[in-house]
Amino acid sequence: MEKIGIDLNIIPAYIINFLILFFVLKHLLFGRIKEVMNQRREKIVSDIEDANKDKLQSQKLVEESRLGLKQAKDQGKDVVKTYKTKAEALYDEIVGDAKKEATTVLDRAKIEIEREKHKAEDEIKSQSINLAIIIASKALEDSIDEETHKKLIDDFIAKVGN
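Just so we're on the same page, my numbering is the position in the sequence shown counted from 1, plus 205.
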């Protein structure tokens with residue numbers, strides 16, 4: 206059996222082989238690996254920068270949306286306030302017109318009542334005069350001339366009018 210051990214004569218060959226392999230790999234492989242690593246690092250940095258830009262842009266859009274929503278709410282409140290004011294003005298106008306119309310109708314009714322009252326008074330006076338003439342004629346039992354008749358009517362009207 207062979208001994209397991211380290212042969213000192215072969216160590217320099219191992220070192221030389223290792224150095225040759227190292228330089229060959231360095232020129233052929235490490236440059237490409239380093240280049241791939243640098244490209245990957247640059248891509249990661251670029252992706253992080255893009256993500257930060259997207260985040261800032263998203264935050265800006267959110268803020269703009271909030272501002273737009275606030276403006277829309279304010280405009281909505283203004284529109285509601287404007288229409289409420291218009292509705293109140295229209296209500297006041299309608300109520301005012303209704304009051305004017307009611308006053309006009311009431312005034313017309315008062316005038317009509319007054320006219321009917323005068324008409325009824327005139328009718329009562331006329332009937333009273335006729336009745337007085339009939340009563341006076343029966344009381345006197347003789348005919349009254351036209352002038353006396355007129356004088357009696359005027360006297361009666363004067364008394365009834367007061």
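A virtual CB, placed ideally from N, CA and C, is assigned to each residue, including glycine.
Bear in mind that the values here come from a model prediction, so they are computed numbers and not experimental data.
Can you give the beta carbon distance from residue i to residue j, rounded, assuming they're within the 8 angstroms contact cut?
i	j	result
I334	I362	7 angstroms
V365	K315	About 25 angstroms; that fails the 8 angstroms criterion.
Could you name the residues of the same chain whose beta carbon sits closer than 6 angstroms to that of residue i, not counting the 5 residues immediately before and after it, in chain order?
i	result
K231	none
In this structure, how does DSSP classify residue i when only helix, strand and coil are distinguished?
i	result
I211	coil
D279	helix
D350	coil
When the Cα of residue i is compared with those of the options, which residue comes out closest?
i	options	result
A337	D359, V229, D252, Q262	D359
Segments of 3+ residues assigned as beta strand (DSSP E) that fall wholly inside the stretch 293 to 356: none
Continuous alpha helix (DSSP H) assignments of at least 4 residues falling wholly in the stretch 211 to 247: 216 to 230
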